[in-house]
Every structure is written in C-alpha cells, then in structure tokens.
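See below for the structure under consideration.
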C-alpha cells in the first residue's frame, strides 16, 4: 500500500451520472478527504453510462468492465456500490488482484455467501471493509463511549421502535421493487433493520437468547411510477425480543413505511440513568440522531456530541457524513495497520444474527396465508 502521506487511489464500481447512493454518499465522502483519497476510475453497467459518469464527475478513467478497473495499477481500494446480488462477483475481482475492497452492506445475499466472501479475503490476506458506517457515525460512537464509561451504569433494559420507510409501506418506484423480493438479500430486514441491529449489538452486546416474529403486511405493492402492482415476499414487519449477554432484556420493532411522528426511538435504561436516541428516520446508518440523557435524579436533557468525535468536515445532516467517517477509519487502518473500520468479519457476525432471527421467527411469508 502507499505510504501514509500518499492518497489512496480509489476505483468505484457502480457510480452513475443519474445520482444514487454512490454519488450522494461515497463520492462526496471520498472527495471530502483529498489528502487521503483520490478517485482514479469508475465502472458502470454500460459503456454509455460509464462515459456519462466520467463526464459528470470529472473522473479520468471509466469502463463498463469492472475487472478492467480493478486491474489498473493506480487503484489501491476498490469500492463496490451495486445491488447486493452482484457483490460476490465484484468483490472476487478485487480479491483476485490483491486489492483492498470496501463493499456495501448487506455483504452478501445471505450468511453463506457473506461467509465465503470473508473467507476469501482472509485466505488472500486482503483488507476487506464492510459498509456498516453506523459504527463510524460521530453520534453513535459517542453513544457507545457513554455506555462504556458507565453513564447509565449496568444496562437493565433497552427497546427500539423504528420505521423502515419507503418502499416497504405499500408503494414503490419500479426501480426499487427488487427490495421487496426476499431472494435478493436486500430487504427491510437486512438494510434498515440490519444496520440498526448491527449498531445496537455493537453498543450493548450480543444476544444470549432471542425470539422473533416477521410478517409481510403489504403483499401487493403499488408501483407509483408505472402501471400495476408487484408481489412482495420480503418482511415489512419485524419484532425481536430477548436477553443480551450482559443480562439486559430488550425489545426491537420495525415496520414498513413512514412513522406518523418520530421515525426512530431507542431507549437504554440502566441502574444509574437513562439514554434516549431519536431520529426522523429508521435508517440508523445515516447517523442522524439526537441523544438525551439523565443520571440519578437529574431531569432528561440533550447531550451534544463532543467536537473530538468529528473527524471529517462533512455536513452532519448529509448522507455522506457517516460514510466519510467510515472512510477515515479505512484510511487509518490501511496506513497504520490499526483495526478501527468495520470489516467483512464484522459483516458476517451481523449476517449470522439476522439468520438467527429468521430461523427463530414466526413468519407469515407463506403464499397460502
């Protein structure tokens, strides 16, 4: 890898001139740190779309062949930002060339695929990072530190209620309908709920026991930008309860669609105090939350995130902020050999938890119901 003082060359797989997550989060995050990253190239689905993205973003090299992008000597870090069913194939290109890789979450279509990807990276000795950027968001890092420093004392209980948002509320755009299909691996369970439970266990610890219920409440979903409907097979109602390794009793519930008021609320109750985390969206990976706390007989009050938790000058309310902090950790790890950014191994742990939830669940997905 380049020396610490040399920016890492990045190749982005899946950057589109039409916008999307890669443009609004990854591109902005990487460009916020020109001393650490320089985008050397991109790949898109067709030659025309690659050319359009190159012109739109002023990137020197573009191709419709991701293998060609990965093979370029100036690319040190390969970023995979396409739909989940294509992750394994594209990550394999990077691993085969010995290139460090950052792959969006969910890592694979399921736990078996994720395990195979992680094992492949480990076997080749390649640094492999997963897009679990909630762990890097300043507010959520601060929350974890509060728990570790004993702000609430011993945690006795915790509960979460959140909304998965669009398109799991009964209406979808045609280009988003794939997240309604359970077989794609990109569902409300794996994306908003998956990001949330990854942060939840990162902050409070893993489950020693759990029970769950899953349901597909909106089985016929209207296409708002086209004719007709599509059949949904992925769950849009998720309930998980149980006991954590530390003994705390917990209850988590997510529903599809938007909430009438608060889109996310997380309470952490301890012997010495309480913390409340709220946000307008159930997508905790954005890091857009407000924290309140109280200890002893104090009234509940806001807790501001200390300045030292902000490591990048991105907009705290933007979609690129948590991603930028994740890339900051990636650079640190690649430059110094530290272990601060979420890895494929971390992703496998969360995939295993989601698989455990599915296996435990009372699920109404059967078509006869």
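In my numbering, the protein residues as written are 6 to 374.
Quick reminder that beta carbons are idealized off the backbone N, C-alpha and C, glycines included.
I need the straight-line Cα distance from residue 290 to residue 77, nearest angstrom please. 31 Å
Indicate the three-state DSSP secondary structure (helix, strand or coil) for residue 62 in the structure shown. helix
Let me know the beta strand (DSSP E) ranges lying completely inside the segment 225-303, each 3 residues or longer, listed in chain order. 225-228, 234-236, 242-249, 254-261, 269-275, 278-284 and 295-300
Going by Cα to Cα distance, which pick from 16, 201 and 35 is closest to residue 333? 35
With contact counted as at least three CB pairs below 8 Å, one residue from each stretch, are the segment 225-237 and the segment 167-181 in contact? yes
Backbone CA spacing between residue 125 and residue 339 [nearest angstrom]: 18 Å
Could you name the residues that DSSP lists as bridge partners for residue 215? 247
Buried/exposed call for residue 214, threshold 16 Cβ in 10 Å: exposed
Which residues bound the beta strand (DSSP E) around residue 159? First-last for residue 159: undefined, no H or E at that position.
If you follow the beta strand (DSSP E) that residue 87 is part of, which residue opens it and which one closes it? Where residue 87 is concerned, there is no enclosing beta strand (DSSP E), given that its DSSP letter is neither H nor E.
Which stretch, first to last residue, makes up the alpha helix (DSSP H) that contains residue 207? 197-209
Any idea what DSSP makes of residue 14, helix, strand or coil? strand
Nearest by alpha-carbon distance to residue 242: which of 167, 295 and 281 is it? 167
Confirm, please, whether the CB-CB distance from residue 365 to residue 346 is below 8 Å. no
Flag this pair as yes or no: are the beta carbons of residue 239 and residue 194 separated by less than 8 Å? yes
If you compare alpha carbons, which of 293, 110, 276 and 324 is closest to residue 24? 324
Cutoff 6 Å; reference residue 120; Cβ partners in own chain excluding five residues on either side: 353
What three-state label does DSSP hand residue 26 in the structure shown? helix
Please report the distance separating the alpha-carbon of residue 280 from that of residue 297. 6 Å
Classification of residue 109 by the beta-carbon crowding that lies within 10 angstroms, buried from 16 upward: buried
Is the segment 296-311 in contact with the segment 91-108, if contact means three or more CB pairs nearer than 8 Å? no
Which stretch, first to last residue, makes up the alpha helix (DSSP H) that contains residue 349? 349-365
Just curious, the beta strand (DSSP E) that residue 325 is in, first and last residue? Unbroken run through residue 325 is the alpha helix (DSSP H), 325-341; no beta strand (DSSP E).
Taking the beta carbon of residue 140 as the centre, do at least 16 other beta carbons fall within 10 Å, making it buried, or is it exposed? buried
According to DSSP, is residue 344 helix, strand or coil? coil
By how many angstroms is the C-alpha of residue 274 removed from the C-alpha of residue 12? 44 Å
What would DSSP say about residue 52, mapped onto helix, strand or coil? helix
Residues in its own chain within less than 6 Å of residue 9 by CB, not counting five upstream and five downstream? With a pLDDT of 49 at residue 9, under the threshold of 50, the modelled position of that residue is not reliable, and the figure given next carries that caveat. Result list for residue 9: 340, in chain order.
Among 209, 258, 218 and 278, nearest to residue 251 - alpha-carbon criterion: 209
Give the straight-line distance between the Cα atoms of residue 368 and residue 219, rounded to the nearest whole angstrom. 5 Å
Spatial neighbours of residue 272 within its chain, please: CB distance less than 6 Å, with the 5 preceding and 5 following residues excluded, ordered by chain position. 164 and 281
Counterpart residues of residue 376 in DSSP-defined beta bridges: Residue 376 is absent from the structure shown; the chain starts at 6 and stops at 374.
How many angstroms separate the CA atom of residue 30 from the CA atom of residue 284? 19 Å
Classify residue 203 as buried or exposed, calling it buried when 16 or more other Cβ atoms lie within 10 Å of its own Cβ. buried
Just to confirm my understanding: we take residue 6, look at its own chain, exclude 5 residues before and 5 after, and list those with CB closer than 7 Å. What are they? For residue 6, the pLDDT reaches just 44, beneath the cut-off of 50, and the residue's location in the model is therefore unreliable, leaving the point undetermined.
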